[in-house]
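Worksheet: one structure, shown below.
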Amino acid sequence: MLRVIVRRLLQLVVTLIALSALIFIWLRNLPGGPVEALLGERATPERRALLIKALGYDQPILVQYGKFMQRVVTGDFGNSIRSGDPVTEVLSRAFPATIELAVAAMIIAVGLGVPLGYLAARWRGRSLDNLTIAGTLLGISIPIFFLGYLLKDFFTQNIHWFPPSGRLTTGLDNTDVTGFFVLDGLLTREFDASADALWHLILPAITLATIPLAVIVRITRASVLDVLNEDYVRTAEAKGLRNRTIRGRHILRNALLPVVTTIGLQTGALLSGAVLTEKVYNWGGIGTLITDSISGGRDYPVLQAIILLAALVFVVVNLLVDLSYAFIDPRVRVR
Amino acid sequence: MSDPITQAGTPAPRSGDDKPRPGMSERSIGLLGDRKKARLDELSRASASDRGGVSLVRDAVRRLRRNPVAIVGASIVGLFILVAIFAPLIAPHDPVQRFDELTKNLTVDTIPGASGEFPFGSDPLGRDFLSRMIYGARQTLFVGVLATLIGLALGVLIGAIAGAFGGWVDVVLMRLTDVMLALPSLLLAITLVAMASRSSQWTVIFAVAIVNVPIFARLLRGSMLAQRESDHVLAARALGVKQRNIVLRHMLPNSLTAVIVQATLTFAVAILDAAALSFLGLGDPDINRAEWGLMLGVDGQRYFEVRPELAYYPALAIIVVALGFTLLGEAMREAIDPKNRR
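Going down the list, the sequences are from chains A and B. Each step along the first sequence adds one to the number in the numbering used here, with nothing skipped, and position 296 is 296. Each number in the numbering used here corresponds to the 1-based position in the second sequence with 1000 added.
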C-alpha cells in the first residue's frame, strides 16, 4: 500500500512539473506576453529593455524556469500585474470561495445522485427510471450558465426565496477565519453569518451540481444494474437475508466503486463549471479571478498560479479517490 | 456469437510463446506456400460469405434502426444538418442586415418583439432574429464539426502512434495526455484562448478541439493496445505484412467505430464549450457572426432582463441539438457494445 502511495505521489509531482514547464515556456514565448501586459503596447524600446532585464527575461529560458520553480517551492508566485498584490494573497482570498461552492455542489450531487441512481436501477423501465434518465440527459445538454440565469431569475425575481448574488449580505459583520464563510460562522459562533452564507450558497450550488448529478446518477444506475445480476446477490437472497442487508452490504457496496471513481473525475467538471457559475452569481472565487485576469489585460502570474492550483487539486483528489478504494473494496488491498 | 471476425477486437487468450521470429515471411515457406495460399483463399471466401449477415457494423446498424432513442437522435441531427445546409433558402431575411423598421424601435430597455414580418422579433442591433437563428444552425454546425474533427484528427494521430509503437513512445505521449487531462476542460480552453493575442472564431474552435485531443488519444490507444496482442494482428505479422500496413489496415479500422461514437458525443460537448467561452467574453468578437453559443453567451446574457427570448431561443436550440447528438451517440455506443448483442 505504502509503495503504491509513494509511486502515485511521484507521478503526481512529475505531472505537475511537466505542466508548470509547459505553461511557463508557453507564456514566455507569446507575442503580447507579460512585458506588453505590464507596459502596454506603445512602450518605448528602452523602457521595455529595462523591464525585461529587471524581470530577468533576458536570461536563458531554463535559468528563468529554474528561478521560477525555486520561488514557487517557497510559496512565492510573484505579484499580480493588475493589482500588484502577491499572487498567493490574491489566490488565498478567492480559493476558499470556490472550494466552498464546489463542496456544496458535490454534497448535493452525491446526496441526490446515488439514491436516485439506485432507485432508478431497482425500478428499471418504470416511470421513475425513465424520468430520471430523461432528466440526466437534459442535465448534460443544458449550458449551465443558462440554467444559472433561469434559476436566478425565477428564485430571486419571481419568488424572493434566495439572494441574487454574492456570498454574504452586505453589511453583515462576520469574522474571517478560514475563508469558508459557512464554517467561519460556526467556528466563531456567529450563527447568523453562517445561515446567511448558506442562504447565499444554495442557488449557485444547485446550478453547479447539475452536471455532476446527472453523471453520478447514470453511473450509479449502470453500476447497480450490473451488480443486481451477480450470483452473490441471488445467493444472498436464497439464504434468506433481510432485504436491507442485501441492499446495503451486497448491492450498494459493490456498486460504489465506479461511483467513487466518477466522483473523483467530476472534480474537473466542478472546477470548469465553477468558472461559469461564479460569473452568473457574482461569486468572488477562482472563476471570477480567472475571467478578470484575462479580460482586464492578461494577468499571467495569476493565471499561471490558478492553472497549477487547479491541476494540483484535480490530481490530489483523484489520488485520494484511488486510495479510498482500499477502504471500500477489500479486494484492492490484497493486490 | 459464432462469427470469428466480429470477435477480432477482443484479445483472445493464447497458449505458449508464438511470437513471430523476425525475417520469417510468406516467401520463406517456399513450396508449401502455394498450398497455404489456396487454403487461405478458401478460408477468406468462407469468412466473407459468413460475414454477410452479422458483421459488427451491420449488426449494430440493424439494432440502431429498431432503437427509438437512436431514431429520435438521428432525426434531430438530420434536421439540424438540413437547416444548416439550406439556411439561405429557409431564412426570410439577410441575417446581418439591420432593418430600419426594427432599429427605430430599439431603445436602452426595449427590443422589438414578434411582428408580422419578423416572427421572432429583433436582435439588439435591429436584425431579424429568426433569420439569425436559422443561419445560426450553419455556424454552430461549422464550429462543432471543425472542433470535433481537429480534436479527433490530433487525438487519433497521437493515440495511433502510441498504440502502434508502444514502449517509450507510448509512455511519453500518454504522460502528455495525462498532463492535459489534469486540467479541467474549460480551464484548459480558457488558457488556450488567453494565450492567443486576439480571440477569433478560430481560437475558439482550436481551444475546444485541443480539450478533446487527450480523450480521443486515450480511446484509440487503448483499443490499439488491445489489438496488438490479438490473433488477427498476429496473423498479419506472421504473413509478413509491413508494420505500417498492419497499423493502417488491420488495427486502425477496427478501432474507428469507438472513435466515431466518441466524436458524436464530443460534438454536443463542443458546442456547449463554445457557448461557455462566448459567455466568458472569450468568444468570437465578430458582431455579424450568427452562432447559437455566441448569441446565447453575449446578447442573451446582456439583454436577459430586457428580452429573455434572446437567450431562450438559442439556448433551446443548443439544448435540442446537444441532446440529439448525445442520444445518437449513446445509442450507437450501446449498439456496438458486444454485451448487448442478441
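From the three backbone atoms N, C-alpha and C, an ideal C-beta is built for every residue, glycine too.
For residue 268 of chain A, same chain residues with a beta-carbon under 8 angstroms away, outside a window of 5 residues either side, are 314 in chain order.
For residue 1144 of chain B, the CB contacts under 6 angstroms within the same chain, skipping 5 residues up- and downstream, are 1267, 1270 and 1271 in chain order.
Counting the other Cβ atoms within 10 Å of the Cβ of residue 1131 of chain B gives 16 or more, which makes it buried. With fewer than 16 neighbouring CB atoms inside 10 Å of its own CB, residue 1171 of chain B falls in the exposed class.
Cβ-Cβ distances below 7 angstroms link residue 250 of chain A to 232, 233 and 236 in the same chain, with the five nearest sequence neighbours on each side left out; the list follows chain order.
Residues of the same chain with a CB within less than 8 angstroms of the CB of residue 144 of chain A, apart from the 5 flanking positions on each side, are 207, 208, 210, 211, 273, 276 and 277 in chain order.
DSSP, read as helix, strand or coil, puts residue 1098 of chain B in strand. Residue 1128 of chain B is bridged by DSSP to B:1122. With respect to the C-alpha of residue 1208 of chain B, the residue from B:1142, B:1249 and B:1311 having the closest C-alpha is B:1142.
Within chain A, the C-beta atoms nearer than 8 angstroms to that of residue 1185 of chain B come from 268, 269 and 272, in chain order.
Look at the beta carbons and you see the segment 1220-1236 of chain B not touching the segment 1109-1116 of chain B: under three pairs across the two are nearer than 8 angstroms.
For residue 1150 of chain B, no chain A residue has a C-beta closer than 7 angstroms to its own C-beta; the minimum C-beta separation is roughly 19 angstroms.
Closest by C-alpha distance to residue 64 of chain A, out of A:248, A:247, A:136 and A:20, is A:20. Pairing residue 134 of chain A with residue 1315 of chain B, the inter-Cα distance amounts to about 18 angstroms.
The distance from the Cβ of residue 1227 of chain B to that of residue 1195 of chain B is about 37 angstroms, inconsistent with a contact at the 8 angstroms cut-off. Residue 1110 of chain B has B:1107 as its beta-bridge partners, per DSSP. Looking at the DSSP output, residue 79 of chain A bridges to A:86. Under the three-state reduction of DSSP output, residue 189 of chain A falls in the coil class, being neither helix nor strand.
With a contact defined as Cβ atoms closer than 8 angstroms, residue 1091 of chain B and residue 1155 of chain B miss out at about 35 angstroms.
Listed in chain order, the positions of the segment 1269-1284 of chain B with a beta carbon within less than 8 angstroms of a beta carbon of chain A are 1272, 1275, 1276, 1279, 1280, 1281 and 1282. Between residue 1097 of chain B and residue 1289 of chain B, the C-beta gap is not smaller than 8 angstroms, which leaves the two residues out of contact.
In the three-state scheme derived from DSSP, where H, G and I count as helix and E and B as strand, residue 1202 of chain B is classed as helix. Close to residue 1319 of chain B, with beta-carbon spacing below 8 angstroms, are these residues of chain A in chain order: 138, 141, 142 and 143.
For residue 1154 of chain B, no Cβ of chain A is located within less than 8 angstroms of the residue's own Cβ. The residues 1163, in chain order, have a CB closer than 6 angstroms to that of residue 1225 of chain B in the same chain once the five nearest residues on each side in sequence are set aside. In this structure residue 1285 of chain B touches residue 1199 of chain B by the C-beta definition: roughly 6 angstroms separates them, less than 8 angstroms.
At least 8 angstroms separates the beta-carbon of residue 271 of chain A from that of residue 214 of chain A.
Sorting A:137, A:132 and A:184 by C-alpha distance to the C-alpha of residue 100 of chain A places A:184 at the top.
Distance between residue 131 of chain A and residue 188 of chain A, taken at the CA atoms: about 44 angstroms.
Taking 8 angstroms as the cut-off, the beta carbon of residue 90 of chain A is found closer than this to the beta carbon of residue 302 of chain A. Counting only residues of its own chain and dropping the five nearest sequence neighbours on each side, residue 225 of chain A has a CB closer than 6 angstroms to the CB of 121. Residues of the same chain with a CB within less than 7 angstroms of the CB of residue 1189 of chain B, apart from the 5 flanking positions on each side, are 1207, 1208, 1211, 1273 and 1277 in chain order. Taking 8 angstroms as the threshold, the shortest C-beta distance from residue 1099 of chain B to chain A does not fall below it.
Taking one beta carbon from each stretch, the segment 1307-1314 of chain B and the segment 1060-1079 of chain B have fewer than 3 pairs nearer than 8 angstroms; the two do not touch. Note on geometry: alpha-carbon atoms of residue 1297 of chain B and residue 1275 of chain B lie some 6 angstroms from one another.
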